[in-house]
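Here the sequence shown stands for residues 2 to 336, where the numbers follow our numbering. For every residue, glycine included, the Cβ atom is placed at its ideal position computed from N, Cα and C. Predicted, not measured: the structure shown is a model, and the values here were computed from it. So the structure is just underneath, and the comments pick up after that.
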Amino acid sequence: MSWDSFVEWLDHNKIMLIAVTCSVVGVGSVLVALRLWLQGPKCRSKARLDGRTVVITGANTGIGKETARDLSRRGARVVMLCRDLEKARMAAEEIHKETGNTVGVYHLDLASLKSVRNTAATLRETEPKIHCLINNAGVMMCPRWETKDGFEMQLGTNHLGHFLLTMMLLDQVKAAAPSRIVVVSSIAHTQGKMHWDDLMMKDNYDAKESYCQSKLANILFARELGKRLKGTGVTTYSLHPGVVQTELGRHIHESVNGFIHWAFHFFGKFFFKTVERGAQTTIYCAVDENIATHTGKYYSDCAEKKPYQQAESDDDSCRLWDTSIQLLGLEQYSV
């Protein structure tokens, strides 16, 4: 095609070309706007945490690491409790170089009650005051594995391990009052129910149902703990961080078919929150002055939200508390 012919073709088809261009630009603009909207708000609080100690589980990666980074920037002395010590030390060094503040690292395997007890015992010696405890670590949709103590992995790690850690550090948290306990849950609780007749799901295990149950347990725990700690100066919070593509989803391919796993990662790169944005509601619950006296509530996108009905059951929160105490042999603890 000669240049003159090409110019003539453009002249005859200019309306179509303009329409196509506008359509492409329009769709692109909508997708960009959608991505920005899905990222959610940032925590607006400028609160400083100088002189305060914050303990975070699973802080070597994902939203835990970004939470640690932000709180360290605010002046906090961050203590990271992680299963992978090598990654934790690398993350701690990275944050220390950026903020100039001390970042402590301890080993913690939430799937081992012995590990939890040992770590908690160490912290009781080294940390007289804990101003904020953030239960962030977790496992998602893994096969039916068991913890070292025979509990179903997701309930054992996401709930029971954190329950034990929290109970063993309560004196240090109370000593720092006003102080906070933040529990990272998930919108997955909306599909959860407590399988009281088979909490460990030994019969008919389903990875998704188990995960949803553990996230429901997180909210029930924060709710019940908040009631029991009223008057102590310790407030509790549970939250949904948003849908974030992190290492938490590393086991999904073992529980779903290949297409769903592919779609999860493909669309996640565009539509899921970044880890920085995914950490914002955790940060909000840890620092925002306007919710300092609120307790036992549930949050998402840096605002209080109403959880699903099953997460507001006082009977279930009390029953889960009593069951957890019994499973963990904590009858000597009184809260």
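Contact belief for residue i with residue j at Cβ below 8 Å, rounded distance in angstroms
| i | j | result |
| --- | --- | --- |
| A112 | M154 | 6 Å |
| D110 | L221 | Between L221 and D110 the Cβ distance is about 24 Å, and since that is not below 8 Å, they are no contact. |
| V117 | A178 | Rounded, the Cβ-Cβ distance is 23 Å, inconsistent with contact. |
| V106 | R84 | About 12 Å; that fails the 8 Å criterion. |
C-alpha gap between residue i and residue j, whole angstroms
| i | j | result |
| --- | --- | --- |
| A60 | H196 | 30 Å |
| A304 | T282 | 8 Å |
| T233 | K175 | 7 Å |
| D207 | G41 | 30 Å |
| V245 | L328 | 32 Å |
| T54 | G63 | 20 Å |
| R145 | Y212 | 11 Å |
| E95 | V140 | 24 Å |
| Y124 | L170 | According to the sequence displayed, residue 124 carries Leu and not Tyr. C-alpha separation (whole angstroms): 8 Å. |
| H132 | W322 | 23 Å |
| K43 | Y285 | 8 Å |
| K231 | S180 | 12 Å |
| L32 | K228 | At L32 the pLDDT is 44, less than 50, meaning the model places this residue with poor confidence and gives no usable figure here. |
| V336 | D204 | 33 Å |
| M201 | S187 | 20 Å |
| Q122 | K307 | It is Ala, not Gln, that sits at residue 122 in the sequence shown. Distance between the alpha carbons of A122 and K307 is about 36 Å. |
| T127 | R320 | 33 Å |
| N219 | V185 | 7 Å |
| D199 | T191 | 19 Å |
| V56 | S301 | 21 Å |
| G52 | A69 | 15 Å |
8 Å Cβ cutoff met for residue i and residue j
| i | j | result |
| --- | --- | --- |
| V79 | L72 | yes |
| T237 | I292 | no |
| R224 | G279 | no |
| K66 | A92 | yes |
| H108 | L134 | no |
| H163 | N119 | no |
| G157 | T167 | no |
| G243 | K194 | no |
| L114 | D172 | no |
| L82 | T58 | yes |
| L226 | Y299 | no |
| Q310 | L217 | no |
| K209 | M142 | yes |
For residue i, the residue or residues it bridges with in DSSP
| i | result |
| --- | --- |
| M81 | I57, V106 |
| E225 | Bridge partners of E225: none, in fact. |
| V184 | N136, S239 |
| E147 | E153 |
| K306 | Y299 |
| K274 | V245 |
Same chain, Cβ closer than 6 Å to residue i, neighbours up to 5 away in sequence not counted
| i | result |
| --- | --- |
| H97 | V104 |
| R75 | R49, L50 |
| N159 | G139, S215 |
| S46 | V288, D289 |
| Y334 | M168 |
| N102 | S73 |
| A77 | L50, R53, V55 |
Cutoff 7 Å; reference residue i; Cβ partners in own chain excluding five residues on either side
| i | result |
| --- | --- |
| L37 | With a pLDDT of only 48 at L37, under the threshold of 50, the placement of this residue in the model should not be trusted, and no figure is reported. |
| E277 | E67 |
| L161 | F152, S325, L328, L329 |
Chain-order list of residues whose beta-carbon lies under 8 Å from that of residue i (same chain, five-residue window excluded)
| i | result |
| --- | --- |
| L331 | L165, M168, S325 |
| S314 | L221 |
| T294 | T236 |
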